[in-house]
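So the sequence lines, in the order shown, correspond to chains A and B.
Number 507 marks the last residue of the first sequence (our numbering); no jumps.
Number 220 marks the last residue of the second sequence (our numbering); no jumps.
Heads up: the structure comes next, in structure tokens.
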Amino acid sequence: MSATFVGMPPFPEAAHAALADTQLRTNLRHATHTIRDKRARVVEEVEDWEALRVKGARIKDDMLARLDTHLVTLEESLTARGATVHWARDAAEACAIVAEIVKAHHVDEVVKVKSMATQEIELNEALAAHGIAAWETDLAELIVQLGDDLPSHILVPAIHRNRAEIREIFRTRMAAAGRPAPDDLTDDPAALAGAARLHLREKFLRARVAISGANFAIAETGTLVVVESEGNGRMCLTLPEVLISVVGIEKVLPRFADLDTFLQLLPRSSTGERMNPYTSMWSGVTPGDGPQEVHVVLLDNGRTTVLADEVGRQALRCIRCSACLNVCPVYERTGGHAYGSVYPGPIGAILNPLMRGVGHDKQIDSLPYASSLCGRCLEVCPVMIDIPEILVHLRAKVVDAHRDGAPGAQDLAMRATSFLFSDPSRMSLAVKAAGVANRVMTPFGKRTLPGGRRALGRLPGPGAGWSDARDLPMPPRTSFRAWWKATDGGRNEPPVVGPRHTGGAG
Amino acid sequence: MSARDEILARVRSALGPPATRAGHAEPAPADPAPVPPPTGEALVELFVERVADYRAEVVRCAPDRVADAVRDGLGASASVLVPEGFPASMLGMPEGCLSVSDEALSASDLDRIDAVVTTASVGIATTGTIVLDHGAGQGRRALSLVPDRHVCVVRTDQVVAGVTAAVALLGVADPTRPLTWISGPSATSDIELDRVEGVHGPRTLVVVVVG
Ligand code: SF4
Chain A
2 MSATFVGMPP FPEAAHAALA DTQLRTNLRH ATHTIRDKRA RVVEEVEDWE
52 ALRVKGARIK DDMLARLDTH LVTLEESLTA RGATVHWARD AAEACAIVAE
102 IVKAHHVDEV VKVKSMATQE IELNEALAAH GIAAWETDLA ELIVQLGDDL
152 PSHILVPAIH RNRAEIREIF RTRMAAAGRP APDDLTDDPA ALAGAARLHL
202 REKFLRARVA ISGANFAIAE TGTLVVVESE GNGRMCLTLP EVLISVVGIE
252 KVLPRFADLD TFLQLLPRSS TGERMNPYTS MWSGVTPGDG PQEVHVVLLD
302 NGRTTVLADE VGRQALRCIR CSACLNVCPV YERTGGHAYG SVYPGPIGAI
352 LNPLMRGVGH DKQIDSLPYA SSLCGRCLEV CPVMIDIPEI LVHLRAKVVD
402 AHRDGAPGAQ DLAMRATSFL FSDPSRMSLA VKAAGVANRV MTPFGKRTLP
452 GGRRALGRLP GPGAGWSDAR DLPMPPRTSF RAWWKATDGG RNEPPVVGPR
502 HTGGAG
Chain B
10 MSARDEILAR VRSALGPPAT RAGHAEPAPA DPAPVPPPTG EALVELFVER
60 VADYRAEVVR CAPDRVADAV RDGLGASASV LVPEGFPASM LGMPEGCLSV
110 SDEALSASDL DRIDAVVTTA SVGIATTGTI VLDHGAGQGR RALSLVPDRH
160 VCVVRTDQVV AGVTAAVALL GVADPTRPLT WISGPSATSD IELDRVEGVH
210 GPRTLVVVVV G
């Protein structure tokens, strides 16, 4: 075991990049602490927070134990309310369903509310292959798209960019993508938000098809719920003629009354607000109000595999609030990309192996080891998912999967984690170096955006179902993956991170 | 096998026969019948305070002064959307302001109108939230979304203590109506983590609390 083990690049290089990262790190630390404090404050305000958590967990468990019944009820309610229900076994099937609906309307663009489910299935890329541009409509995403951002800007584009840069991006790039920025644009954040408002409004007003996810789907009423901040969600859910919502099957809640619990747990846990600015609820088609053609795609894509794991099943309670990310010491140091999926942080460390299965992908197999088992994630989780318990359970499964092979992923992972965690200062040095190594050596997940411009896939926190996800502290560069690279000397380049890994359940 | 049948089969095989399933034998008990809390003065004050916390404008007025408060709330708007069913007695119009009714207006039409006035269905004190069910006096969803200024009239007897009471009331009414929960103007923190009010929804939200 030596320094090379953690992928340390030549020291001057490491030092140089670490310095360059100072501003980012400062910003991120600021964001982390701001949001943690906000969460703590608004959680404290609620007298029976613990009782609420218990209730949230119980509602989800009861729901999961009868998921088949609730899904059938949901389908009936939606259909009775004029919606068309589709079922998708996996990402490819879901994307094909959506593409077909969009193509039937002869449009070459759609507006989108950011959602984890559509990112998980890589819907934008799939639509682009059909010549359909999917416009993400939240502000941070706009800044990234227009700015043709570099790898160092993947996670928190808007946090990297100061206001002067954003002004410059808007002034030079908006015209090519649609409505130009006003000539007299200043770098006042309100003015910049105003320019984005005008630019995107043009798209909202002309869009005929919108795509969303849903935070909750109520079986008894066929009601979908989207929780957001900026109002781009409301625009997408209200103005176009056709609305397609991609909804993971675990999003179902039996009764409308269950929203009581979750509309208290989610905003306070996620952005640390008493309530997010906008929550929209709609049940199929409402004549004369909003989209008159409504589709709901119910997505499995590995969720039933999670359900079949009796210990891991509780991960399906997750409401994607991001609270576990914000408190995780490992996530803070390694960054979101390390998890190789749109689901990063503690929840990603369990969800990815649970959904995709262990024993066939080294990176997935390493995830259960990406934790010190400190338990902070469980403490803050609004639905009491015992992430440490699941991590331990998954470690055992990884070991089993590698029983008869050569030294498997878990050996490296074990050795790595024990080395890292044996000495805190070593850990912080290691992660710094690894973060640098990664950035220097491997650009991440290049993707082609609708419209043909090249950009980088961004992997936001689970809270991205809301457009406020950029509120969330996103840590810098991965190091976990770079660290893999270094530990695994003889192998080829690891696959591009992101949910495009083949294999896995679903 | 269809995708539907296959997914349901996977769920059933993951869970086993209903009788053996973990979780609770019975569905979670229904919540106790909703008892709308008294709309005491303290409750209304909390509502006003919490709405203001989001940097919305809040005005409290007596029932006979609503029209004045609405007029003030509309500011210098040159045109205002008045949804069907909005009480005429509440409608105060600024000098020269054009009143527009919703006759199948397109989104682009709506975009040319400065302001909208609506009533609301429920106010939630602890979270400073107003809920629209888009019935009479509130208009379809696009009306309270596209214009840049939203003046919303809430009666004090519509204010409930918390989310629990609000969900109960809405559930008893008709939960399948489109519902919009509004807690302050839209907001973003995407630029240097500075909170900016107003991105895509109405940038100015004026809540007139009557009573
Ligand atoms: S697992 Fe994490 S993201 Fe999911 S609900 Fe719990 S704290 Fe929130």
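Quick reminder that beta carbons are idealized off the backbone N, C-alpha and C, glycines included.
Check: Who are the Cβ neighbours of A/A258 in its own chain at under 8 Å, not counting the five residues just before and after it?
Finding: Within the first sequence, numbered from 1, the residue matching residue 258 of chain A stands at position 257. Residues of the same chain with a CB within less than 8 Å of the CB of A/A258, apart from the 5 flanking positions on each side, do not exist.
Checklist line | Assigned exposure category for B/R19 - 16 Cβ within 10 Å defines buried | finding: Numbered from its first residue, the second sequence carries residue 19 of chain B at position 10. Around the beta carbon of B/R19, a 10 Å sphere encloses 16 or more other beta carbons of the protein chains shown; the residue is thus reported as buried.
Note to self: According to DSSP, is A/S284 part of a helix, a strand, or is it coil?
What the structure shows: Walking along the first sequence from the start, residue 284 of chain A turns up at place 283. In this structure, A/S284 counts as strand in the three-state DSSP scheme.
Next item on the list: Mark A/S116 as exposed unless 16 or more other C-beta atoms lie within 10 angstroms of its C-beta, in which case mark it buried.
Entry: Taking the first sequence and counting its residues from 1, one reaches residue 116 of chain A at position 115. That one is buried.
Next item on the list: Tell whether a beta-carbon distance below 8 Å holds between B/C106 and B/V217.
Entry: Here residue 106 of chain B is taken as the residue at index 97 of the second sequence, counted from 1. Here residue 217 of chain B is taken as the residue at index 208 of the second sequence, counted from 1. With respect to B/V217, B/C106 sits apart: the two C-beta atoms are not nearer than 8 Å.
Next item on the list: Could you tell me if the beta carbon of A/P330 falls within a distance shorter than 7 Å of some heavy atom in the ligand SF4?
Entry: Position 329 of the first sequence, counting from 1, holds the residue named residue 330 of chain A. Incorrect: A/P330 has no Cβ contact closer than 7 Å to the ligand SF4.
Next item on the list: Measure the C-alpha to C-alpha separation of B/S198 and B/A28 and round it to an integer number of angstroms.
Entry: Working through the second sequence from its first residue, we reach residue 198 of chain B at position 189. Working through the second sequence from its first residue, we reach residue 28 of chain B at position 19. Linking B/S198 to B/A28 through their CA atoms gives a straight-line distance of about 49 Å.
Note to self: For B/V205, would you say it is in contact with chain A, using Cβ-to-Cβ distances shorter than 8 Å as the test?
What the structure shows: Working through the second sequence from its first residue, we reach residue 205 of chain B at position 196. Yes, B/V205 counts as interfacial toward chain A.
Checklist line | Cβ-based neighbour list, A/G504, same chain, cut-off 8 Å, excluding 5 preceding and 5 following | finding: Here residue 504 of chain A refers to the residue found at position 503 of the first sequence. Reliability of the predicted coordinates at A/G504 is poor, the pLDDT of 29 falling under 50, and no value is obtained from them.
Next item on the list: From the DSSP output, read off the bridge partner residues of A/F217.
Entry: Position 216 of the first sequence, counting from 1, holds the residue named residue 217 of chain A. Partner(s): A/V226.
Checklist line | Touching by the beta-carbon criterion (3+ pairs, under 8 Å), the region 56-67 of chain A and the region 271-281 of chain A | finding: No: the two stretches stay apart, fewer than three of their Cβ pairs being nearer than 8 Å.
Check: When the cut-off is 8 Å and only beta carbons count, does A/W136 lie next to chain B?
Finding: One-based indexing of the first sequence puts residue 136 of chain A at position 135. For A/W136, the answer is no, since every Cβ of chain B falls outside 8 Å of its Cβ.
Next item on the list: Ignore the nearest five residues each way along the sequence and tell me which others in A/L75's own chain have a CB closer than 7 Å to its CB.
Entry: As a working note, residue 75 of chain A is residue 74 in the first sequence. The residues are A218, A220, G223, V253.
Check: Rounded C-beta distance between A/I36 and A/N216? I'm assuming under 8 Å.
Finding: Taking the first sequence and counting its residues from 1, one reaches residue 36 of chain A at position 35. Taking the first sequence and counting its residues from 1, one reaches residue 216 of chain A at position 215. Taking the Cβ atoms as the reference, A/I36 lies roughly 19 Å from A/N216, outside the contact range of under 8 Å.
Item checked: Beta-ladder partner(s) of B/L107, from DSSP -> As a working mapping, residue 107 of chain B is identified with position 98 in the second sequence. Answer is B/S88, bridged to B/L107.
Check: From the beta carbon of B/A42, is the nearest beta carbon of chain A less than 8 Å away?
Finding: Start at 1 with the first residue of the second sequence, and residue 42 of chain B comes out as number 33. Note that B/A42 scores a pLDDT of 49, beneath 50, so its modelled location is shaky; the value from the coordinates is reported in the next line. Using a Cβ-Cβ cut-off of 8 Å, B/A42 does not count as an interface residue toward chain A, since no Cβ of chain A sits closer than that to its own.
Notebook entry, point to check: Is it a yes or a no for the region 173-188 of chain A touching the region 260-268 of chain A, going by three-plus beta-carbon pairs under 8 Å?
Noted result: Not touching, per the Cβ criterion.
Next item on the list: Could you tell me whether the region 106-121 of chain A touches the region 239-254 of chain A, using the rule of 3 or more Cβ pairs below 8 Å?
Entry: These segments touch.
Check: Quick one: what's got a C-beta closer than 7 Å to B/V57's C-beta in the same chain, skipping five residues either side?
Finding: The sequence position of residue 57 of chain B within the second sequence is 48, counting from 1. Within the same chain, B/V57 has close Cβ partners V67, R69, V218.
Notebook entry, point to check: If we ignore side chains and look at the alpha-carbon of each, how far apart do B/R80 and A/A176 end up?
Noted result: The count along the second sequence starts at 1 and reaches residue 80 of chain B at position 71. The count along the first sequence starts at 1 and reaches residue 176 of chain A at position 175. Spanning the two alpha carbons is a distance of roughly 38 Å.
Margin query: Closer than 8 Å between beta carbons: that is the criterion. Which residues of the region 186-199 of chain B meet it against chain A?
Written below: Taking 8 Å as the Cβ-Cβ cut-off against chain A, the residues of the region 186-199 of chain B that qualify are R186, P187, L188, T189, W190, I191, S192, G193, P194, S195, A196, T197, S198, D199.
Next item on the list: Quick one: give me the first and last residue of the alpha helix (DSSP H) that A/G346 is part of.
Entry: Walking along the first sequence from the start, residue 346 of chain A turns up at place 345. Run containing A/G346: 346-357, per the alpha helix (DSSP H) assignment.
Notebook entry, point to check: For B/V125, which of B/T136, B/Q147, B/T135, B/G137 has the nearest alpha-carbon?
Noted result: Walking along the second sequence from the start, residue 125 of chain B turns up at place 116. When only C-alpha atoms are compared, the closest one is B/Q147.
Margin query: Restricting to Cα atoms, I'd like to know which of A/P181, A/I348, A/Y370 is closest to A/V307.
Written below: For this step, residue 307 of chain A is matched to residue 306 along the first sequence. Put simply, of A/P181, A/I348, A/Y370 the residue whose alpha carbon is nearest the alpha carbon of A/V307 is A/I348.
Checklist line | Rounded C-alpha distance that separates B/A134 from B/L83 | finding: Sequence index remark: in the second sequence, residue 134 of chain B carries index 125 (1-based). Sequence index remark: in the second sequence, residue 83 of chain B carries index 74 (1-based). Whole-angstrom Cα-Cα distance: 24 Å.
Margin query: With the cut-off set at 8 Å, would you say A/V112 and A/P241 are in Cβ contact?
Written below: Indexing the first sequence from 1 puts residue 112 of chain A at position 111. Indexing the first sequence from 1 puts residue 241 of chain A at position 240. The answer is yes: Cβ separation under 8 Å.
Check: Hey, is A/R1 close to the ligand SF4, as in C-beta under 7 Å from one of its heavy atoms?
Finding: The structure shown has nothing for residue 1 of chain A, since chain A only spans 2 to 507.
Notebook entry, point to check: Hey, is B/V126 close to the ligand SF4, as in C-beta under 7 Å from one of its heavy atoms?
Noted result: Position 117 of the second sequence holds residue 126 of chain B. No, the beta carbon of B/V126 sits no closer than 7 Å to any heavy atom of the ligand SF4.
Item checked: B/D14 classed as buried or exposed, judged by whether at least 16 other C-beta atoms fall within 10 angstroms -> Locating residue 14 of chain B in the second sequence gives position 5, where the first residue counts as 1. In summary, B/D14 is exposed, with fewer than 16 beta-carbon neighbours lying within 10 Å of its beta-carbon over all protein chains present.
Next item on the list: Could you check what DSSP says for A/A100 in three-state terms: helix, strand or coil?
Entry: Sequence index remark: in the first sequence, residue 100 of chain A carries index 99 (1-based). When secondary structure is reduced to three states using DSSP, A/A100 falls in the helix class.
Item checked: Close beta carbons around A/G148, own chain, < 6 Å, minus the five adjacent residues each side -> The sequence position of residue 148 of chain A within the first sequence is 147, counting from 1. For A/G148, the CB contacts under 6 Å within the same chain, skipping 5 residues up- and downstream, are I170 in chain order.
Margin query: Helix, strand or coil for A/K115? Go by DSSP, reduced to three states.
Written below: Stepping through the first sequence from its first residue, residue 115 of chain A is reached at position 114. DSSP places A/K115 in the coil class of the three-state scheme, outside both helix and strand.
Checklist line | Within chain A, the residues that B/V217 reaches when beta carbons sit closer than 7 Å | finding: Numbered from 1 along the second sequence, position 208 holds the residue referred to as residue 217 of chain B. B/V217 does not reach chain A, its nearest Cβ partner there being about 19 Å away, counting only Cβ pairs nearer than 7 Å.
Next item on the list: Report yes if the C-beta distance between A/A84 and A/G289 is below 8 Å; otherwise report no.
Entry: As a first step, residue 84 of chain A must be located in the first sequence, where it is residue number 83. As a first step, residue 289 of chain A must be located in the first sequence, where it is residue number 288. No, they are not a contact pair.
Item checked: CB contact check: B/A12 to chain A, cutoff 8 Å -> Position 3 of the second sequence, counting from 1, holds the residue named residue 12 of chain B. Chain A contact via Cβ: present.
Item checked: A/Y279: contacting residues in chain B (beta-carbon distance under 8 Å) -> Walking along the first sequence from the start, residue 279 of chain A turns up at place 278. Near A/Y279 (Cβ distances below 8 Å), the residues of chain B are T189, W190, I191, S192, S195, G210.
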